[in-house]
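Residue numbers (this note's numbering): 15 to 417.
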């Protein structure tokens with residue numbers, strides 16, 4: 015009898031020990047689960063903080079660098095201390111140094127490209143830059159910003175010439191851009207006094223232009239846009255054919271632009287004033303070049319982390335800021351029609367952000383695919399860059415960028 019009781023007690027003790035072990039294991043499992051959940055949430059919070067921080071850094075980087083670049087350029091152009099070819103020569107030289115430094119710092123892959131084709135690319139990039147700077151002699155900076163916002167037009171024209179196909183919203187965006195620019199120009203009732211520097215007299219002579227001079231300024235801006243179209247198409251070919259790095263190409267393009275600008279300095283007689291110009295404006299030129307080069311770094315960081323759409327939105331925001339800064343600092347007065355034209359232009363740029371294909375998914379209409387978007391995923395960042403060539407953000411990503 016006692017033996018039977020001992021056996022039952024031992025079994026009960028064994029069961030209780032087993033249950034206790036199970037409880038300990040369960041508690042340990044729950045603790046591990048809580049720890050895993052906490053680690054998971056902590057990783058999400060840290061990841062969100064990093065994304066938020068990167069987003070803010072990229073946005074402020076693009077906004078500050080390119081807004082500073084445009085402001086300094088308008089200030090330099092309005093005072094006329096430096097000739098157009100001299101300014102292009104010095105800026106391109108500094109840009110080449112910055113591009114080479116960034117190329118080596120980021121350990122970007124080097125590639126061999128025929129210098130004959132790079133020289134042609136450099137010639138058209140030089141034509142775009144110098145024509146754009148000359149245009150500032152005959153029009154104000156706001157008009158120039160609007161004109162350069164139409165850079166997608168020549169790019170699409172040249173793209174169509176080479177057989178590229180674009181989606182309908184791209185054509186709609188271009189039409190709205192043209193209408194906005196036309197309304198802005200029509201809003202200038204009296205070209206002599208429609209946009210006047212009332213607060214900053216140093217720039218008033220820069221804004222008070224004769225009608226024929228305004229026409230010449232528009233012609234030079236059209237030349238700049240035409241060169242932009244050829245430059246964009248050639249850069250597209252370089253990226254896809256030679257797999258050359260962006261800053262590597264930026265270095266070569268700026269070297270050739272320096273060479274062509276040096277020829278212009280000699281032919282126009284600006285050579286005698288180059289030394290004096292450098293001494294009086296070296297800090298301004300360094301700021302102008304550094305802001306442009308750093309701006310491109312932020313553009314490609316945004317492309318790699320957030321995509322082309324976010325880059326396009328950032329680019330549009332910085333254009334709005336540039337216009338506001340120009341109006342406030344240089345005292346430009348805009349008519350109601352000009353304000354309406356500005357709003358229409360920026361809304362035309364914003365058309366690129368609307369996913370029309372999602373809205374029209376219910377119908378049988380097929381949207382043509384952009385040739386520039388049909389790039390293998392192996393090209394990585396280049397695929398995002400090619401998409402941005404069509405929208406307004408492209409002008410900030412070009413190795414031959416002209417603000």
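Even for Gly, the Cβ is constructed at its ideal location relative to N, Cα and C.
Remember, predicted model here, so these are calculated numbers, not experimental data.
Cα-Cα separation between residue 305 and residue 82, rounded to whole angstroms: 7 Å
From 143, 84 and 97, residue whose alpha carbon lies closest to that of residue 267: 143
Span of the alpha helix (DSSP H) around residue 279: 260-282
Alpha carbon of residue 278 to alpha carbon of residue 140, nearest angstrom: 11 Å
Coarse secondary structure for residue 347, derived from DSSP in three states: coil
Where residue 257 sits in the DSSP three-state scheme: coil
Three-state secondary structure (DSSP) of residue 154: coil
Close-in-space but distant-in-sequence residues of the same chain around residue 301 (CB under 8 Å, 5 per side omitted): 82 and 86
Local Cβ density within 10 Å of residue 180, reported as buried at 16 or more and exposed below that: buried
The segment 103-113 / the segment 252-266 touching (three or more Cβ pairs under 8 Å): yes
Euclidean distance between Cα positions of residue 137 and residue 245: 9 Å
Whole-angstrom distance between residue 166 and residue 364, CA atom to CA atom: 13 Å
Contact under 8 Å by Cβ, residue 314 with residue 75: no
Assigned exposure category for residue 271 - 16 Cβ within 10 Å defines buried: buried
Close beta carbons around residue 133, own chain, < 6 Å, minus the five adjacent residues each side: 270
Residue 147 in three-state terms, based on DSSP: helix
At least 3 beta-carbon pairs within less than 8 Å: the segment 167-176 vs the segment 354-361: no
Cα-Cα separation, residue 242 to residue 350: 30 Å
Secondary structure of residue 97, DSSP reduced to three states: coil
Cβ neighbour criterion (16 or more within 10 Å) applied to residue 126: exposed
Inter-residue Cα distance where the pair is residue 91 and residue 190: 29 Å
Residue 77 and residue 331 closer than 8 Å at C-beta: yes
Coil, strand or helix - residue 183 by DSSP: helix
Closest by C-alpha distance to residue 102, when choosing among 252, 329, 338 and 285: 285
Selection from 72, 131, 186 and 119 that minimises the alpha carbon distance to residue 253: 131
N-terminal and C-terminal residue of the alpha helix (DSSP H) that residue 167 is part of: 166-175
Alpha carbon of residue 255 to alpha carbon of residue 249, nearest angstrom: 10 Å
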